[in-house]
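Here's the structure, in structure tokens; my notes come after.
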Amino acid sequence: MKKTINYIFSLLMLTLVLNSCEVDRTEEIFDDSPTVRIDKEISELRTLLLSESQGFSGVYFPNDDVVGGINFHMNFTEDLRVKITSDFKSTTSLTDTRYEIVTGTTSAELVFTSGSRHITDLIQDGAAGFDTFFGSNSFQYAGEENGNITFKDVRSDGVFVMSPSGFTDFDTESVASVDITYANRQAFSEVDCATASVYDNLVMEINNGGETISYILNYDPNNIFFDAETTDAGGVSSRQSLGVAFTLIGGEQAISISPVLEVGDNSFRDFILDSSTPEIQYVATVNGATARILQTSPSVPTGEDIFELPGSTYFYDTADGTNPLLSPCFQEQVLDQINTNLDNRFGPGVLRFSFFAVFLDFDGNCTNLAVFLQDANGDNFRANYCHLASIQDNTLFLEYQGPFSGANDAFFEADVLPLIAFFGSSKGLLYTNEGAFRGSISNYSDPAGAFTSLDYESLRAYGLFF
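Those letters in the sequence shown? Residues 763 to 1228, per the working numbering, in order.
Rendered as structure tokens:
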């Protein structure tokens, strides 16, 4: 019995010793309680934000998995007001809004408490399902280093880094700066749809220690985003998603990407416009290695074996969002033009293009192009158009025969003619397999592919097969 009591007593003493050690270790790790620590961060952040009379400039990447970055300029005052401008949209004028620095869950947070369109446009556009842009009005303080203040958007893992603006007149120079960066972004995606070709390659070429690596860059102007693809010596392809921000670095036009591109021991992020060349070319140099973003001369179009189509029904739905492979000219001259036709005929927003499906048939029957239009209540109206399908030299030809007999078919024919004409290309359509379907809103395991018109090589559709 005595041995048992001594054993229990020893266990109790050991427990007390272990608990005592644990408390001592905690005190070594945390000098202050979480509340005190966050209060110190609040004071530190407030001091930092008020330290620059001409405010701060920075790039906010809401979610670099699917969208690019936006330039912001902010000037904070002691009375909890902040002037803000951004290049998210063409309306770049300053807004005057309120801010607070509050106690967050794990750190101090910067919160914009009243509506500034430069903040709310990001949030509202995402909430409405447009372009998948979304943002936050609350930013978790992550620290300061060498004048750079870093914030995290906890909801989307977004990152916002800002530094002293360097302006001498914030009100004038901040707006002038975002006017420039907005114009640069617009100019980068401008194309002449009558002469451009999707076979003109936008590339990133990297010379790293004598080794050259090339990425094909499919650029999505709606989401300011690169889908970068490279192929190694063994013929294995890989893709990387890169958010893009058109910004100014040292007063020079520049492109910043996020996440940084790691090549060997070098990290490429900032590309400066090379004004010495007549062609548009952005260059980054790191430790003697050079990376360039530029347009290459057209490559020769080659069609893949059309008989290897992964399905008999080809489908695209605007609800799935955009993909860089859906060309800007297809968006503008086909999908947007259908909506313009509908607006002119029925009134703005009464009917909108929703989705299409192509039911392929190579047995002499009609290949049906089914077009779906949606009204404000979400109801769809279907119209069907007959094409005869054939294969010649790995090129798909769909000869248009006219509407089917349904009431909607002839009724909507003129409105949806841009899509009918695209699939009815007189020179045919080239097809390429593009892996699993990837949209800015929805991704699927279904195989995806792109059709390019040889009448107008700027027109490329992207969709999935089932």
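Idealized CB from N, CA, C, for every residue including glycine.
- Rounded to the nearest angstrom, the gap between the Cα atoms of ILE968 and ASP1032 is 13 Å.
- The residue among VAL1096, ALA1016, ASN970 with its C-alpha nearest the C-alpha of ASP1027 is ASN970.
- Our two residues, ILE846 and GLU806, have alpha carbons roughly 21 Å apart in a direct line.
- Annotated as distal: PHE874 and ASN825, with beta-carbon spacing of 9 Å or more.
- In the three-state scheme derived from DSSP, where H, G and I count as helix and E and B as strand, LEU964 is classed as strand.
- In this chain, the alpha helix (DSSP H) harbouring PRO796 covers 796-811.
- Under the three-state reduction of DSSP output, GLU1024 falls in the strand class.
- DSSP places ILE942 in the helix class (H, G or I) of the three-state scheme.
- In this structure, SER1204 sits near ASP1082, with a CB-CB distance shorter than 9 Å.
- In this structure, DSSP gives PHE1173 a helical state, which the three-state scheme calls helix.
- Scanning its chain for C-beta atoms nearer than 8 Å, with the 5 sequence neighbours on each side dropped, one finds around LEU1216 the residues PRO1063, THR1157, SER1187, LYS1189, GLY1190, LEU1191, LEU1192, in chain order.
- In terms of CA proximity to PRO1180, ARG1222 leads the group ARG1222, ALA1210, ASN1139, GLY1168.
- Contact check for SER1167 against ASP954 fails: the beta carbons are separated by 9 Å or more.
- According to the DSSP assignment, GLN1099 belongs to no beta strand (DSSP E) but to the alpha helix (DSSP H) extending over 1099-1108.
- Annotation for SER898: ASP915, ARG917 place their beta carbon closer than 6 Å to its own, counting only its chain and skipping 5 residues before and after.
- The residue from ILE1042, PHE1030, THR1039 with its alpha-carbon nearest to that of ASN1049 is PHE1030.
- For ARG1114, the closest of HIS835, ASP1079, PHE838 by C-alpha to C-alpha distance is ASP1079.
- Here PRO1040 is exposed. Its C-beta has fewer than 16 other C-beta atoms within 10 Å.
- Of the candidates VAL1120, GLN1154, ALA958, SER1000, SER1000 places its Cα closest to the Cα of GLU1196.
- Per DSSP, the beta bridge partners of VAL1133 are PHE1118, ALA1145.
- Taken atom to atom, the span from the alpha-carbon of LEU856 to that of SER939 is near 12 Å.
- In this structure, the beta-carbon distance from VAL1120 to PHE1199 does not fall below 9 Å.
- Under the three-state reduction of DSSP, ASP841 is assigned to coil, being neither helix nor strand.
- Straight across, the Cα-Cα distance linking VAL960 with TYR981 is about 11 Å.
- Ranking GLY1012, ALA1046, PHE1159, GLU935 by CA distance to the CA of THR854 puts GLU935 first.
- DSSP places PRO1180 inside the alpha helix (DSSP H), whose first and last residues are 1179-1185.
- Per DSSP, reduced to three states, the secondary structure at SER1018 is strand.
- Apart from sequence neighbours up to five positions away, the residues of its chain that approach SER876 with a beta-carbon distance below 8 Å are THR859, ARG860, ordered along the chain.
- Where ASP982 is concerned, the enclosing beta strand (DSSP E) starts and stops at 973-982.
- DSSP links GLN1002 through a beta bridge to ALA990.
- Per DSSP, reduced to three states, the secondary structure at VAL1048 is strand.
- Bridge partners of PRO1209 according to DSSP: ALA1198.
- In this model, PHE950 and LEU1122 are separated by some 36 Å (Cα to Cα).
- Ranked by how close their Cα comes to the Cα of PRO1110, the residues SER869, GLU803, GLN1099 have GLN1099 in first place.
- Nearest to SER878 by alpha-carbon distance, out of GLY996, PHE834, ASN910, GLY1201, is PHE834.
- Per the DSSP secondary-structure output, ILE1203 pairs with nothing in a beta bridge.
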